[in-house]
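Position one of the sequence shown corresponds to residue -17 (this note's numbering), numbered consecutively onward.
Think of the CB as a built atom: it goes at the ideal place given N, C-alpha and C, for glycine as much as any other residue.
What follows is one structure encoded as structure tokens, with my remarks underneath.
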Amino acid sequence: MNILIVYLGRKGGGAHYTYELVNELSKKTNVSLLVSKQAENIKSYESLNISLNTINTFNGMFSFILSSFKLPFIKNKIKKIILDEKIDIVISTMTHVWNGFIFTPNFMMKIPYILTIHDAVPHSGEGNFILNLLNNKDIKNANAYIALTEHVKNQFINIYGDKKDICILPLGSFNFKSGEIKSWCGVRPLRILFFGRIHEYKGIDLLLDSMIILQEKYDLELSIYGQGDLSDYVDKIDVIKKINIENRWIGDSEVGDILQAHDVCVIPYKDASQSGVIPVAQSAGLPTIVNPVDGLIEQIEKDKTSLVTDRVDSVSLALSIEKIIKNPELVNKLSIGSLEYASKKLSWVPIVNKLITYSKETLNSSDRS
-17 MNILIVYLGR KGGGAHYTYE LVNELSKKTN VSLLVSKQAE NIKSYESLNI SLNTINTFNG
43 MFSFILSSFK LPFIKNKIKK IILDEKIDIV ISTMTHVWNG FIFTPNFMMK IPYILTIHDA
103 VPHSGEGNFI LNLLNNKDIK NANAYIALTE HVKNQFINIY GDKKDICILP LGSFNFKSGE
163 IKSWCGVRPL RILFFGRIHE YKGIDLLLDS MIILQEKYDL ELSIYGQGDL SDYVDKIDVI
223 KKINIENRWI GDSEVGDILQ AHDVCVIPYK DASQSGVIPV AQSAGLPTIV NPVDGLIEQI
283 EKDKTSLVTD RVDSVSLALS IEKIIKNPEL VNKLSIGSLE YASKKLSWVP IVNKLITYSK
343 ETLNSSDRS
């Protein structure tokens, strides 16, 4: 079976997901990869033992407009790749604004197209009418689907109907640095990390409020690493005594050291399909605190890898952080649990085996129709 994996994004979690998936998949079947020339991790793709194909996409609104006029030529290049490499099935690891115009039924020539759904519905504060239309076009073109959590699968079925063929493939490990068992004796400040893109649904306000509550009684430090608009949180940030903010895009080479420098990673999301930060933290042996949000709960083991708050609010979050402060040994316990979970549950081997089986089933189903 010859598989073409497509990822036209430039950076972020989708890029790492694609790399890890293709790296393991290439050990078991023939894999071709189509990515953007502008991909931040293009060098890592080049290191893989696969057929690597690139196209020019864009890196801003102006280049997006110009490049979109070249779509007919891009489609011709992709069709040539499909024919020359005798592709049996195409798998997109994430929706893209161009996908819906490229992978149409006529273009695919009866070759099955599997689309990975990261979010069935937009996050709170993230709705975009045009982007939703483009994503829906991509979804309608696909023959089968991959969801990363049961939560996303259920949301998808509620919107598009239960006749859709959906396979659940969880996120695997992302190893930016070898994991290590952590410990915290309670003598120095507890070092708390928020890592990732800044957005309303990520619950930064809840985390800041919890810090304001706790700093009156305890010595603790908060670090925020991520790109995005923090202007709505300036008043809260100004009140926090010990805070370090790196409000920018964080390069891959920095991630491992950032994780290593902290005692616990807080995921204060108000809603979520899943979080790429959770497997990154687990692989590093970094304990996590998460809110009781459906997509997140599937990615952790309560009281083994993570503490789970009682509710999605700042008081509950503060209580969970306080639990660690009062019981320093929890850092060590949750760190060990996270590393065990990563080694047993986040291996890409069973994930890829399941993907191959699902691809064969989709291919056979397509042959019969």
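- For Leu175, the uninterrupted beta strand (DSSP E) segment begins and ends at 172 to 177.
- Contact between the stretch 92 to 106 and the stretch 224 to 235 is absent: fewer than 3 CB-CB pairs across the two stretches fall below 8 Å.
- Taking the Cα of Tyr142 as reference, the smallest distance to any Cα among Leu153, Asp191, Glu162, Asn125 is reached at Asn125.
- Contact between Thr75 and Tyr127 does not hold, since the beta-carbon distance rounds to 12 Å and is not under 8 Å.
- Membership of Ser155 in any beta strand (DSSP E) is not indicated, and neither H nor E is assigned to it by DSSP.
- Look at the stretch 79 to 141 and you find these whole runs of alpha helix (DSSP H), each 4 residues long or longer: 81 to 84, 87 to 90, 111 to 123.
- For Ile73, the enclosing beta strand (DSSP E) starts and ends at 71 to 74.
- Secondary structure at Ser45: helix, using DSSP grouped into helix, strand and coil.
- Sixteen is the threshold: since fewer than 16 other Cβ atoms of the shown chains lie within 10 Å of the Cβ of Asn31, the residue is exposed.
- The stretch 157 to 166 and the stretch 66 to 81 do not touch, with fewer than three beta-carbon pairs separated by less than 8 Å.
- Per DSSP, reduced to three states, the secondary structure at Ile194 is helical.
- The continuous stretches of beta strand (DSSP E) do not include Asn23, and DSSP gives it neither H nor E.
- Secondary structure note for Tyr1: it is in no beta strand (DSSP E), and the uninterrupted alpha helix (DSSP H) holding it is -5 to 7.
- For Leu(-10), there is no enclosing alpha helix (DSSP H), since its DSSP letter is neither H nor E.
- For Ser296 against Ser192, the beta-carbon gap comes to about 5 Å, under 8 Å, which counts as contact.
- Taking the Cα of Lys327 as reference, the smallest distance to any Cα among Leu151, Asp214, Lys92 is reached at Leu151.
- Assigned with DSSP and collapsed to three states, Val297 falls in helix.
- One alpha carbon belongs to Gln264, the other to Leu321, and they sit about 6 Å apart.
- In terms of Cβ geometry, Val(-12) and Val13 do not form a close pair [threshold 9 Å].
- The beta carbon of Thr291 sits closer than 6 Å to those of Asn273, Ser298, Leu299, Ser302, all from its chain and outside the five residues before and after it, given in chain order.
- For Phe51, the number of other beta carbons within 10 angstroms of its own is below 16, and it is reported as exposed.
- Exclusion of the five residues before and after Lys164 leaves Gly267, Val313, Ser317 as the residues of its chain whose Cβ lies within less than 6 Å of its Cβ.
- Under DSSP, Tyr207 forms a beta bridge with Phe177, Glu228.
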